[in-house]
Every structure is written in C-alpha cells, then in structure tokens.
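One structure is given below, encoded as structure tokens.
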Amino acid sequence: MRTIKLKKNEDRRIRAGHLWIFSNEIANLEQDFAPGETVDIITHGDAYVGRGYINPHSLISVRLLTRDKEQIDVDFYAKRIRQALLLRQRIFPGEETYRVVFGEADGLPGLVIDKYADTLVLQVSTLGMHTRLAEILAALPRAGLTARTVVLRADTPMSELEGFSGENRLLDGELDSPVKIEQDGLSFLVDVMQGQKTGFYLDQRDNRRSACGLLAGMRVLDCFCYTGAWSVYAARAGARQVIGIDSSAGAIEMAGRNTALNSLESVCSFQTADVFERLDELVQKEEKFDCVILDPPALVKNKRLLKQGEAAYEKINHLAMKLIQPGGLLMSCSCSYHISRENFAQILSAAARKARRSPVVIEWRGQARDHPTLLSMPETAYLKCAIIRIL
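Using the numbering used here, the letters of the sequence shown correspond one by one to residues 44 to 434.
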C-alpha cells in the first residue's frame, strides 16, 4: 500500500479528529496516485496517522477511513454499517424509515444510506466511495441490513468535481416508485430515484414533530414545501388551513398525493410558484398568517456565495415576518453549512429590523438524531431550525 506524507505540522487537525486532508497539506501529491486508491497517511516525521482513500484531482485529496492498520474490505464496511444500524435501531425502535449511515459521522466519508421501508438508497458523493460500491453492496447483508430494493443516487453536485458518473441506477431488486413510507403515524410517497436528496428530508423529522405541535387552529404558509411533509404534519396537528408553495410542479403534485394519503385535503392546498415572488405578492396584498414555515434548499453552496446567500436568507425572512400576525410564529431553517447558527441569528435579527418586528426565539433545533455530528468536524452539523415568536 502506498503512503501519503503530510507537510510539517499539517497533522494537527487530523489528529484532533478531522477526517479530511486537503491537497495543499500533502508533501508528495505529485506521485501518480490512482483516483480512489487506498493509502496510508503518515506525518512529516513518518508517524502513522491512519488509512483512507485518495482522489489526487480533488481539493479534499484524502478522506480518512480508520486510524488503525486494518484491512479496508467488505468486512470493514459491514462492521461500520452494522454499528450505524444498531444506533438507529436504538434511536427509532421498531421503525422502518431513517438514515442508517451519515457519512463522516459514521466513519464512512462520502457515503449516505437511507432506509425507506424495504428500499435502501445509497448516496455517494466521492469518487472513493463510488469505486467501492460492489464492496458496500456486499457488506449490506453482512451488516444485517436487508432490503427488497437497493438504489444508487450519484446525482450530487460533487460528482463532477470528484470525477465520477452522476447517473442514478437500480443496484439490486425491483423498484416500485414512488415508495410508500410511514413516519409518526403519517404516510408519504417518496421518489427515491429522482426526488431531492434521496427523496425525502429525513433530517427535519424531529423538527416537524416538535414544531408542528404548536400549530393547532393556525393559518399556516409552508414555503419551499417540496412534497408537503411540513404541511401534512401541521394539518395533522390541528392547523385550520395550510398553504404550501414550491417552484417544482412535480413536488407539488406529490404534495397533493401525500395530503390525500392522509385524508387532509380539506386543510391543505398547494401552489406552484417562485417562493420569493409569491411572498412579495402576498405582502403587497397584505395577507396575514399565524405561522410561516421557511425550509429552503441550501442558499450558500460554497464560501464564494456567502454574501449572496446571506442576502437571500434575509430577504425571505423579512418578507415572511411581514406576513405574520402579531404573536404568530416563524419556523425558519437553513441547511447551508457555511451559515453558522450565530450568523443565521444575525440574519434573522437584520430581517426583523427591516420588517419592524420583534423576534423572540422559543427554541433552536438542528438535524434529526439519525444525522449525528462529529464534534471534531463542524461540517457535519449543518441544519439550523429556529422557532420564533414574532411580535
């Protein structure tokens, strides 16, 4: 096995628990490493650091898999997946839908495994994991993770940067799409092959359950509603009216089906529209809601877009606050890692000043428990959800 040597003092962050090694931290990257090759990592002083896989053409050149000198094979992946599965079974006993593997947090950087009833979705975001799909597929039954259907989602923004095919495909079994799942006594249809992320926003599960319990009797506006999960939870919790808005006609069609699946058509309605434009129109019409839910896609995908993204977050929150009745609620989310919680709070404060409203934070929340975080890798803690009373 070939070896990656770090430059002097570049081992500190890795020894502190981080799993990424950047190209400018490597002393011998000029060697002809094969993309996806397993490598050992040593310090400038030749001390062993760990073992991982390399992509010499990526800014993140090495992703650490282990700090031990263990074989990276099917048994290795089976052990890691098994450990992750046992944690989820403890968190959600008796349930059939959850995130089984969350990349770095489960010691498998570049790999996500979501379980939707008897369907597994493998999402890969690195070339290293893409080249190991056969081993991962073989590891699933050894880990006790069996399914009728296994789907690959490779259509991530990283596929082009990492240099692998972004084609989604069926890996095993037969796919009946959409897949029907159950969460918290509610039913949803999930397009695992073409839907956003792996088809459903599992990371908002705990937030939907907690926040929507506050909405009995309220008129609710659900922005960026996707396939209607927030709307359905709100309606089940007793909201008197829920209006969902999303720019995707396909998502809106699925939201309607999910509403019907739960017999909540009398409460929920959906509109295909640009959320920014529709919010502006509603403000001009002086419409009022008891609660506005903002759960946009990531508006800051990299540091270069930070200022632009901050302005977008401020704009939608400013418009939302103008629509909320005094004493009403704003549920505002950001899934952009580059927006910290402190930064997000500043954006919300600026939006409130512009709207001439007084925000009172009831609760800060994050991603669901099946999306654990590494304390040594802040990149794994990406979701912010603020529940705010607007005065």
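Virtual Cβ for every residue (Gly too), placed ideally from N, Cα, C.
- Assignment of Met420 by DSSP, reduced to helix, strand and coil, places it in the strand class.
- Straight-line measurement puts the Cα of Ala424 at about 27 Å from the Cα of Leu362.
- Burial check for Ile97: the Cβ neighbour count within 10 Å reaches 16 or more, so the residue is buried.
- By the beta-carbon neighbour count (other beta carbons within 10 angstroms, threshold 16), Asp338 is buried.
- Only residues of its own chain outside the window of five on either side were considered, and among them Leu229, Ser230, Val275, Ala278 and Arg279 have a CB closer than 8 Å to the CB of Asn305, listed in chain order.
- Taking 9 Å as the cut-off, the Cβ atoms of Tyr120 and Glu178 count as close.
- Residue environment for Met364: buried (at least 16 other C-beta atoms within 10 angstroms of its C-beta).
- Judged by DSSP secondary structure, Gln247 falls outside any beta strand (DSSP E); it is assigned neither H nor E.
- Annotation for Asp118: the continuous alpha helix (DSSP H) segment containing it runs Val117 to Ile134.
- In the same chain as Glu113, and ignoring 5 residues on each side of it, the C-beta atoms closer than 7 Å to its own belong to Phe119, in chain order.
- Distances from the alpha-carbon of Thr169 to those of Arg106, Gly187 and Gly238 put Arg106 closest.
- Per DSSP, Ala429 is one residue of the beta strand (DSSP E) stretching across Lys427 to Ile433.
- Gly352 and Leu232 have their alpha carbons spaced roughly 31 Å apart.
- Look at the stretch 48 to 88 and you find these whole runs of beta strand (DSSP E), each 3 residues long or longer: 63 to 65 and 81 to 85.
- Between Ala411 and Tyr356, the gap from beta carbon to beta carbon reaches 9 Å or more.
- Cα atoms of Glu308 and Ile433: separation of roughly 28 Å, rounded to the nearest angstrom.
- Residue Ser375 holds the alpha-carbon nearest to the alpha-carbon of Phe387 among Lys122, Lys397, Ala398 and Ser375.
- Assignment of alpha helix (DSSP H) within the stretch 175 to 202, counting only whole runs of 4 or more residues, yields 176 to 185 in chain order.
- Comparing alpha-carbon positions, the option among Ile85, Thr189, Leu372 and Phe76 lying closest to His100 turns out to be Phe76.
- Counting C-beta atoms within 10 angstroms of its own C-beta, Phe65 has fewer than 16 neighbours from the protein chains shown and is therefore classed as exposed.
- In the three-state DSSP reduction, Val143 falls in the strand class (E or B).
- Within the same chain, Thr140 and Arg248 come within 7 Å of Gln226 by CB-CB distance, once the 5 residues on both sides are set aside.
- Apart from the 5 residues on each side of it in sequence, Phe135 sits with its Cβ closer than 6 Å to the Cβ of Tyr141 in its chain, given in chain order.
- Taking C-alpha positions only, Glu203 is separated from Leu151 by approximately 20 Å.
- Distance between Leu322 and Ser290, taken at the CA atoms: about 12 Å.
- In the structure shown, Cys376 adopts extended strand secondary structure according to DSSP, grouped into three states.
- Looking at Ile156, Ala259, Arg191 and Pro184, the one whose alpha-carbon comes closest to that of Phe243 is Ile156.
- Between Asp219 and Leu417, the alpha-carbon positions lie close to 35 Å from each other.
- Under the DSSP assignment, Tyr276 falls in the alpha helix (DSSP H) whose first and last residues are Ala272 to Arg279.
- Between Ile431 and Leu257, the C-beta gap is not smaller than 9 Å, which leaves the two residues out of contact.
- If you look at Phe332, you'll find it in the beta strand (DSSP E) that goes Phe332 to Leu337.
- Looking at the backbone, the Cα of Pro369 and that of Ile359 are separated by about 18 Å.
- Short of 8 Å from the beta carbon of Leu49, and not among the five residues preceding or following it, lie these beta carbons of its own chain, in chain order: Ile57, Ile64, Glu68, Ile69, Ala70, Ile84, Ile85, Thr86, His87 and Val92.
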